[in-house]
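Taking our numbering, the leading residue of the sequence shown gets 3, the next gets one more, and so forth.
The beta-carbon is built from N, C-alpha and C at its ideal position, and this holds for glycine as well.
None of the values given here were measured: they were computed from a predicted structure.
Heads up, the thing below is written out as structure tokens.
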Amino acid sequence: GADDKGSGNGDDDDGEDGNDIGDNNDEKKADNNHGGGVTSRRQQRQRKESSSSLPPAAAEGEEWGEFLHQPGKRYYDFGQIRDEISRDTNRLAGLHSKGVSPTPIHLKIYSPNVLSLTMVDLPGLTKVAVKDQPVDIEEQIYSMNCQYGANPNAILLAVTSANTDLASSDALKLARELDPRGERTIGVLTKLDLMDPGTDASEILHNKVIPLRRGYIAVVNRGQRDIDADLSIRVGLRNEERFFRTHPSYSRDRSIVGKCGTMNLARNLNGILIHHIRECLPELKIRIANMMGDVQSELDTLGMPEGRGEDAGATGGKLLGLLSKFSANFAAMIDGRASNTNQQHDGMPSLS
3 GADDKGSGNG DDDDGEDGND IGDNNDEKKA DNNHGGGVTS RRQQRQRKES
53 SSSLPPAAAE GEEWGEFLHQ PGKRYYDFGQ IRDEISRDTN RLAGLHSKGV
103 SPTPIHLKIY SPNVLSLTMV DLPGLTKVAV KDQPVDIEEQ IYSMNCQYGA
153 NPNAILLAVT SANTDLASSD ALKLARELDP RGERTIGVLT KLDLMDPGTD
203 ASEILHNKVI PLRRGYIAVV NRGQRDIDAD LSIRVGLRNE ERFFRTHPSY
253 SRDRSIVGKC GTMNLARNLN GILIHHIREC LPELKIRIAN MMGDVQSELD
303 TLGMPEGRGE DAGATGGKLL GLLSKFSANF AAMIDGRASN TNQQHDGMPS
353 LS
């Protein structure tokens, strides 16, 4: 999320591209729910598409959003996107309930101010059921986080408040379970502006408290009072930049200047994504070539129909069906959703 809501996990699924806070330069970004208790009650899968890559007629600097459950309907008012997220969440999780739903909300954001990335916002970890929450609310949310976090292509954003003891972070504990070697975990510190006077998070940012291979990045997001006052994200980013620029510790230590701010977090995640794509592409090309060779051998074995009538048409229809199924399975694999039973040829999706 783009605002301070306490500890939690964000998964950056770079199997399809991804970045959790990569688009906060967008003033009209759709906000998550805010308030006390469990605010994110459903998984939100947000795909950011840079409209600068669209045809000129479709770009023209416009920003809009589209929901998967409302195909073809564009939302140009991002306040309406926020309302639709709340409405659809209430529809499945309950209007006056604090319960959660495992059914994700799929949202695409088109804007010239964003990178083409995907982020998954998950409900924050909780320990005790409140009000009408089910008694197993902790297990439900834990299972949701593990569902995405176990994907080896997901970058884990372990979000922790800087004004609490880092050793008690549930997000870091879960990230360590899912990523024991720490190869895809980034620590994100929030609420640095709420730390006691005379204290700072320099030791954490220097990776000396609980070391992470990819280190920590500090951000200062809008508080509840700013949200209630309808402070825009663009203004919030300016306030964040001013906080780090004028802070007596963060502004003077050059070794941590690049670890402070939402935009540095975005650049860091984008760099990880590009590196991951470069590593995966050669192997992916080899697998596709092997698959094409296997399919071509199978076609050669089956032979081509002699006639050009109904038999040829039936073969063409079957081939089209196979290609469509391959496309769907391949997209699922790239997105990290392909099951083991749906894969063969060294991890690639099957056609049967």
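Would you kindly work out how many angstroms separate the C-alpha atoms of residue i and residue j, rounded to a whole number?
i: residue 228; j: residue 145; result: 32 angstroms
i: residue 73; j: residue 109; result: 10 angstroms
i: residue 142; j: residue 295; result: 44 angstroms
i: residue 24; j: residue 245; result: In this prediction, residue 24 scores a pLDDT of 32, lower than 50, which makes its location untrustworthy; the coordinate-derived value is nonetheless stated afterwards. Residue 24 and residue 245: Cα-Cα distance of roughly 20 angstroms.
i: residue 199; j: residue 85; result: 38 angstroms
i: residue 247; j: residue 329; result: 48 angstroms
i: residue 230; j: residue 205; result: 33 angstroms
i: residue 345; j: residue 224; result: Because the pLDDT of residue 345 is 48, which lies under 50, any placement of that residue in the model is unreliable, and the number read from its coordinates should be weighed accordingly. So the two alpha carbons sit approximately 44 angstroms from each other.
i: residue 269; j: residue 196; result: 25 angstroms
i: residue 319; j: residue 80; result: 43 angstroms
i: residue 149; j: residue 305; result: 43 angstroms
i: residue 183; j: residue 154; result: 12 angstroms
i: residue 66; j: residue 324; result: 34 angstroms
i: residue 222; j: residue 250; result: 16 angstroms
i: residue 267; j: residue 299; result: 47 angstroms
i: residue 255; j: residue 265; result: 18 angstroms
i: residue 240; j: residue 213; result: 30 angstroms
i: residue 321; j: residue 283; result: 27 angstroms
i: residue 233; j: residue 116; result: 20 angstroms
i: residue 331; j: residue 94; result: 27 angstroms
i: residue 281; j: residue 297; result: 26 angstroms
i: residue 166; j: residue 252; result: 19 angstroms
i: residue 96; j: residue 276; result: 39 angstroms
Closer than 8 angstroms by C-beta to residue i: which residues in its own chain qualify, once you throw out the five before and the five after it? Chain order, please.
i: residue 68; result: 74, 75, 76, 77, 109, 110, 112
i: residue 260; result: 266
i: residue 355; result: No answer is possible for residue 355: the residues shown for the chain start at 3 and end at 354.
Going by C-alpha distance, which of the options is nearest residue i?
i: residue 124; options: 182, 280, 173, 147; result: 147
i: residue 258; options: 302, 210, 297; result: 210
i: residue 215; options: 191, 196, 190, 186; result: 186
i: residue 289; options: 158, 336, 202, 89; result: 336
i: residue 156; options: 274, 302, 305, 319; result: 274
i: residue 134; options: 327, 240, 102; result: 102
i: residue 171; options: 287, 126, 149; result: 126
i: residue 333; options: 303, 93, 286; result: 286
Would you mind sorting residue i into buried or exposed? The rule is 16 or more other CB atoms within 10 Å of its CB.
i: residue 122; result: buried
i: residue 238; result: buried
i: residue 242; result: buried
i: residue 194; result: buried
i: residue 120; result: buried
i: residue 271; result: buried
i: residue 201; result: exposed
i: residue 82; result: exposed
i: residue 226; result: exposed
i: residue 129; result: exposed
i: residue 48; result: buried
i: residue 91; result: buried
Within its chain, find whatever has a CB closer than 7 angstroms to the CB of residue i; leave out the 5 residues flanking it on each side and keep chain order.
i: residue 152; result: 180
i: residue 8; result: With a pLDDT of 38 at residue 8, under the threshold of 50, the modelled position of this residue cannot be trusted; read the value that follows with caution. Hits under 7 angstroms: 126, 163.
i: residue 70; result: 108
Under 8 angstroms from any heavy atom of the ligand NAP, does the C-beta of residue i make it?
i: residue 64; result: The ligand content of the structure shown is nil, which means the ligand NAP is not present either.
Identify, in the order they occur along the chain, each residue of the same chain with its Cβ nearer than 6 angstroms to the Cβ of residue i, setting aside the five sequence neighbours on each side.
i: residue 131; result: 137, 139
i: residue 37; result: For residue 37, the pLDDT reaches just 46, beneath the cut-off of 50, and the residue's location in the model is therefore unreliable, leaving the point undetermined.
With C-beta atoms as the reference, is residue i less than 9 angstroms away from residue j?
i: residue 217; j: residue 235; result: no
i: residue 46; j: residue 104; result: no
i: residue 203; j: residue 177; result: no
i: residue 263; j: residue 291; result: no
i: residue 159; j: residue 168; result: no
i: residue 162; j: residue 207; result: no
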